[in-house]
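Residues 55 to 259 (our numbering) are what the sequence shown spells out, left to right. One structure is given here, and the rest of the page talks about it.
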Amino acid sequence: MAELPRCRRATWNEVEGWADTVAAKIRAGPRRPETIVALTRGGWVPARLLGDRLGVSRLLALRVQHWGVTASRDGEARLTEGLSGPVAGAHVLVVDDITDTGESLQLARDHVSGAGPASVETAAFVHIAHSKFLPTYFAEEIPRDAWVWVVFPWNYWEDLAQLAERAAAEGPTLAAIRATLRSRCGLDVPLRDLRSVRPTAPSRS
Ligand code: AMP
């Protein structure tokens with residue numbers, strides 16, 4: 055049987071809500087960040103939304119790779135591209151979309167800490183309770199026994215292409231793929247979206 059994770063498709067409204075919640079927590083916290091470091095790639099949109107809400111215009115990138123294709127882990131988290139600018143003396147906030155194992159954010163926090171900042175805090179929109187790393191700020195916690203692959207809007211097409219390819223092993227038509235994604239992943243996907251990721255698949259048998 056194809057490996058198909060339970061999924062939850064996040065909406066832009068939820069994303070806005072998470073950004074509001076995390077920004078409010080940071081405002082209530084002891085310090086205002088001066089520089090935001092976004093983990094590439096999941097942290098980019100969250101970092102930009104937080105920067106907007108907090109009035110922080112200095113955004114840097116740091117590339118950590120951990121998960122390969124959708125919901126399949128790629129060994130240990132590793133830092134594959136260094137900080138895109140200096141952070142010495144700055145109050146820094148390191149941002150990712152979700153902490154699952156927590157290895158990515160932990161590795162990033164440790165790397166940034168070694169670059170001489172005045173302080174380092176971390177934030178994620180979603181935190182899975184089994185994560186071994188607790189971000190300083192997060193908006194929503196998913197209980198450890200309710201693990202799910204969150205399909206963020208910035209990863210929708212990539213996730214859909216991956217999941218549809220795996221689902222096609224159970225039945226290659228668009229109708230079959232749609233039914234498999236619904237029953238196995240809990241994802242309700244419009245046929246036109248499936249058609250754009252599997253343009254040569256027959257509609258039905
Ligand atoms: P981790 O190092 O396990 O905390 O995972 C970090 C990165 O992998 C995140 O930035 C996400 O892009 C991706 N990721 C891991 N787990 C999930 C999940 N359950 N749902 C969506 N994305 C995930």
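Just so it is clear, CB atoms sit at the ideal spot from N, CA and C, and this is done for glycine as well.
Taking 8 Å as the cut-off, is the beta-carbon of residue i closer than that to any non-hydrogen atom of the ligand AMP?
i: Phe192; result: no
i: Thr153; result: yes
i: Ser257; result: no
i: Gly129; result: no
i: Ala115; result: no
i: His165; result: no
i: Gly143; result: no
By a C-beta neighbour count over all protein chains shown, 10 Å radius and 16 as the cutoff for buried, is residue i buried or exposed?
i: Ala221; result: buried
i: Trp211; result: exposed
i: Pro100; result: buried
i: Val123; result: exposed
i: Ala56; result: exposed
i: Ala77; result: buried
i: Thr65; result: exposed
i: Leu299; result: As displayed, the chain neither begins before 55 nor continues past 259, which places residue 299 out of reach and without an answer.
i: Asp106; result: exposed
Answer yes or no: do residue i and residue j have a C-beta to C-beta separation smaller than 9 Å?
i: Phe187; j: Thr153; result: yes
i: Leu104; j: Thr89; result: no
i: Gly83; j: Glu194; result: no
i: Gly71; j: Val149; result: no
i: Ala115; j: Leu147; result: no
i: Val118; j: Ser158; result: yes
i: Met95; j: Trp203; result: Correcting the residue type first, residue 95 is Arg in the shown sequence and not Met. It is not a contact, given that the beta carbons lie outside the stated cut-off.
i: Arg86; j: Leu108; result: yes
i: Leu235; j: Ala218; result: yes
i: Gly240; j: Arg62; result: yes
Which one or two residues does DSSP pair with residue i in a beta bridge?
i: Trp121; result: Arg127
i: Cys61; result: Trp203
i: Thr153; result: His181
i: Arg132; result: Gln119
i: Ser173; result: His145
i: Ala261; result: This structure does not reach residue 261, given that the chain is present from 55 up to 259, and the question cannot be answered.
Less than 8 Å separating the Cβ of residue i from some heavy atom of the ligand COA?
i: Ile182; result: Summarising the ligand content, the structure contains the ligand AMP and does not contain the ligand COA.
Worksheet item: What are the start and end residues of each continuous beta strand (DSSP E) run of 3 or more residues lying completely inside the region 176–236, in chain order?
Response: 191–196, 203–205
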